[in-house]
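Accompanying notes for the structure given below.
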Amino acid sequence: ALCFIDLDNFKKINDSFGHSYGDEILKQFSDRIGEVIRVCDTLSRIGGDEFILLVENIEEMNEIDPIITKIQTIFNEPFLVKEQKFFLSASIGISLYPEHGLESETLIKNADAAMYKAKDAGKNTYAFYTLDMTIASYERIGMENALREAISAKQFLVYYQPQIDFKTNTVCGLEALVRWNHPLEEILSPSRFIELAEETRLILEIGAFVLEQACFDLLSLRKEGLFEGTVSVNISGVQIEYSDFLKTLEHTIEISGVDPSLLEMEVTESFIMNDPERWIALLKQMQALGVSIAIDDFGTGHSSLSYLRKLPIDKLKVDMSFVKDIPQREDACAIVNSIIDLAHNMKIATLAEGIETKEQERYLQEHGCEQGQGYLYAKPMNVKDLKVWMMNRHKESCKNP
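Sequential numbering from -6 applies to the sequence shown in the working numbering.
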């Protein structure tokens, strides 16, 4: 049996604490696993936090289980580096010789596929290779190729979801959301392709397109007198980490001629808090251009109040996972109230996502939230439909001032 072992969330340790911490953990892991595997088995590190264990003389598949269980027990105790405790786990994929391959390359590839299956199952577990995994792998390659073709063929679209000012009941903003006009399927939402786009870094080109298109669409809406607010663009952590995003932003502002004060950049809380010291400086540079900064999905990550007060942010977006449960659930109400109070005390605006009922809207208004978006007002729509929606809304407001 060939066991492909990958340490879960190891990259976050390297990113947050530095490679010296990561190296020490790898050494400790190697020592621990060396104590539980059999003398006849072979352990090798193939790179990063990935290891391969070759388990020989297996006659029955169920003989693997106790070996894997022993490996999992080494994570029961934390890894200690410079008085800092780290609780880790591992995802393990297993391929068998000769059922799953006759050559080392095939066995490794199939064990790797099984390891990703274990990660998809929630990590901290193991999975045996199946033919379905190879099919899934081919499908992934096909999707990646289709994404590359979609960029060349300009198949991506930008949709917009209105954001409402609770005090004036006017459209104060628009969130730009990417869609894929797939030639063989219906228009695809980001949930179908964004994760792969980020893994392959194709998000760099897609994200740059969305930013540029949003700027030109904003100018078109303002020219026609339909809208006077801001447009909000989601920025992937991959864009920030693997491209000169500040340069991209400056270039887009220059070629479009848009007033930077009309642009809002949305960054997820989890990404910023992954390495806050590193990104605070960049956010300040972005803000210095005149754009505003919003923290998306607030309350779902690992917030640090000490860093939150240092972040140059203008808005907190209350995640829809909390909004959907108000006012019925007390815990959701408590979290929403705390976020709004925190933002007010820090003189930061708040916007609630995922509003679907008047009851939710009323609760948010009564507790001081300034803005909201959700299906109660409108679903995301292309710019043509948005213009019609804007005109109809304007007509209704004239009838009922």
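Built from N, CA and C at the ideal position, the CB exists for glycine as well.
Contact between the segment 165 to 181 and the segment 135 to 152 (3+ Cβ pairs under 8 Å): They touch, by the three-pair rule.
Between Leu195 and Leu140, is the Cβ-Cβ spacing less than 7 Å? Residue numbering aside, residue 195 sits at position 202 when the sequence shown is read from its first letter. Residue numbering aside, residue 140 sits at position 147 when the sequence shown is read from its first letter. Yes, the pair counts as a contact, with Cβ atoms nearer than the cut-off.
So who's on the other strand from Arg172, going by DSSP bridges? Translated into positions along the sequence shown, residue 172 becomes position 179. The partner list for Arg172 (beta bridge, DSSP) reads Leu150.
My guess is that Thr261 and Gly230 are in contact by the Cβ rule of under 8 Å, so how many angstroms apart are they, rounded? By 1-based counting over the sequence shown, the position of residue 261 is 268. By 1-based counting over the sequence shown, the position of residue 230 is 237. Rounded to whole angstroms, the Cβ separation of Thr261 and Gly230 is 7 Å, and the two are in contact under 8 Å.
Does the contact criterion of 3 or more C-beta pairs under 8 Å hold for the segment 322 to 335 versus the segment 350 to 361? Contact between the segment 322 to 335 and the segment 350 to 361 is present: 3 or more CB-CB pairs across the two stretches fall below 8 Å.
Would you kindly work out how many angstroms separate the C-alpha atoms of Cys165 and Ser236, rounded to a whole number? On the sequence shown, position 172 is the one that residue 165 refers to. On the sequence shown, position 243 is the one that residue 236 refers to. Cα-Cα distance, rounded: 30 Å.
State buried or exposed for Ile51, treating a residue as buried only when at least 16 other CB atoms are found within 10 Å of its CB. For the purposes of this step, residue 51 is taken as residue 58 along the sequence shown, with counting starting at 1. It is exposed - the Cβ of Ile51 has fewer than 16 other Cβ atoms within 10 Å.
Is it true that the segment 378 to 389 meets the segment 341 to 356, where meeting means three or more beta-carbon pairs spaced less than 8 Å apart? No: fewer than three Cβ pairs fall under 8 Å.
So which of Pro373, Ser314 and His337 has the shortest CA-CA distance to Arg302? In the sequence shown, residue 302 corresponds to position 309, counting from 1. Closest by alpha carbon: His337.
Name the two residues that bound the continuous alpha helix (DSSP H) containing Ser103. Taking the first residue of the sequence shown as position 1, residue 103 is located at position 110. Residue identity differs from the one stated: residue 103 is Asn in this sequence, not Ser. Asn103 -> alpha helix (DSSP H) spans Ser97 to Asp113.
Excluding the 5 residues preceding and the 5 following Ala143 in the sequence, name in chain order all residues of the same chain whose CB lies nearer than 7 Å to its CB. Walking along the sequence shown from the start, residue 143 turns up at place 150. These residues qualify, in order along the chain: Phe149 and Trp173.
Which residues in the same chain as Ala114 place their Cβ atom closer than 8 Å to its Cβ, once the five residues preceding and following it in sequence are excluded? If you number the sequence shown from 1, residue 114 lands on position 121. Correct list, in chain order: Ala120.
Cβ-Cβ distance between His104 and Phe(-3) below 7 Å: Within the sequence shown, residue 104 is the residue found at index 111, counting from 1. Within the sequence shown, residue -3 is the residue found at index 4, counting from 1. Note on identity: in this sequence residue 104 is Ala, with His being the wrong assignment. Yes, the pair counts as a contact, with Cβ atoms nearer than the cut-off.
Using CA coordinates, which residue listed in Gly218, Gln364 and Ala111 is at the minimum distance from His387? In the sequence shown, counting from the first residue as 1, residue 387 sits at position 394. For the residues Gly218, Gln364 and Ala111, the minimum Cα distance to His387 belongs to Gly218.
Keeping to the same chain, check which residues put their C-beta closer than 7 Å to that of Glu352; ignore five residues upstream and five downstream. The residue labelled residue 352 in the question sits at position 359 within the sequence shown. Pro320.
Hey, how far is the Cα of Leu204 from the Cα of Arg271? On the sequence shown, residue 204 is found 211 positions in, with the first residue counted as 1. On the sequence shown, residue 271 is found 278 positions in, with the first residue counted as 1. Looking at the two C-alpha atoms, the distance is approximately 23 Å.
Report the CB separation of Ile18 from Val74 in whole angstroms; it is logged as a contact under 8 Å. Counting from one through the sequence shown, the residue named residue 18 turns up at place 25. Counting from one through the sequence shown, the residue named residue 74 turns up at place 81. Rounded, the Cβ-Cβ distance is 6 Å, consistent with contact.
Pick helix, strand or coil for Leu335, following the three-state DSSP scheme. Counting from one through the sequence shown, the residue named residue 335 turns up at place 342. Three-state result, Leu335: helix.
Between which two residues does the alpha helix (DSSP H) containing Ala83 stretch? In the sequence shown, residue 83 corresponds to position 90, counting from 1. From DSSP, Ala83 is part of no alpha helix (DSSP H) but of the beta strand (DSSP E) over Ala83 to Ser88.
Hey, would you say Leu276 sits closer than 7 Å to Ile286, going by beta carbons? Residue numbering aside, residue 276 sits at position 283 when the sequence shown is read from its first letter. Residue numbering aside, residue 286 sits at position 293 when the sequence shown is read from its first letter. Their beta carbons are under 7 Å apart, which means Leu276 touches Ile286 by this criterion.
Checking 7 Å against the spacing of the C-beta atoms, do Gln21 and Phe72 come in under that value? Within the sequence shown, the letter at position 28 stands for residue 21. Within the sequence shown, the letter at position 79 stands for residue 72. Phe72 is positioned such that its CB atom lies closer than 7 Å to that of Gln21.
Range of the contiguous alpha helix (DSSP H) that encloses Glu70: Mapped onto the sequence shown, residue 70 falls at position 77. Where Glu70 is concerned, there is no enclosing alpha helix (DSSP H), given that its DSSP letter is neither H nor E.
Which value, in whole angstroms, describes the spacing of the CA atoms of Asn227 and Leu167? Within the sequence shown, residue 227 is the residue found at index 234, counting from 1. Within the sequence shown, residue 167 is the residue found at index 174, counting from 1. C-alpha separation (whole angstroms): 11 Å.
Would you grab the beta carbon distance between Ser84 and Ala106 for me? Rounded to a whole angstrom, and I think it's under 8 Å. Against the sequence shown, residue 84 aligns to sequence position 91. Against the sequence shown, residue 106 aligns to sequence position 113. Incorrect: roughly 12 Å between the Cβ atoms, too far for contact.
Do Glu43 and Asp(-1) have their C-beta atoms within less than 7 Å of each other? Taking the sequence shown and counting its residues from 1, the one referred to as residue 43 is at position 50. Taking the sequence shown and counting its residues from 1, the one referred to as residue -1 is at position 6. Less than 7 Å separates the beta-carbon of Glu43 from that of Asp(-1).
Let me confirm a value: Ile341 is counted as buried when at least 16 other C-beta atoms fall within 10 Å, else exposed. Which label applies? Sequence index remark: in the sequence shown, residue 341 carries index 348 (1-based). Ile341 should be labelled buried.
Can you tell me which of the three DSSP states Leu(-5) falls into? As a first step, residue -5 is located in the sequence shown; it is residue number 2 there, counting from the start. Strand, per DSSP.
Cα-Cα separation between Ser254 and Thr223, rounded to whole angstroms: Along the sequence shown, read from residue 1 onward, the residue named residue 254 stands at position 261. Along the sequence shown, read from residue 1 onward, the residue named residue 223 stands at position 230. Taking C-alpha positions only, Ser254 is separated from Thr223 by approximately 8 Å.
For Gly135, which of Phe186, Ile60 and Leu36 has the nearest alpha-carbon? As a working mapping, residue 135 is identified with position 142 in the sequence shown. Ranking the options by Cα distance to Gly135, first place goes to Phe186.
Rounding to the nearest angstrom, what Cα-Cα distance links His244 and Ala146 in this structure? Position 251 of the sequence shown, counted from the first residue, corresponds to residue 244. Position 153 of the sequence shown, counted from the first residue, corresponds to residue 146. So the two alpha carbons sit approximately 23 Å from each other.
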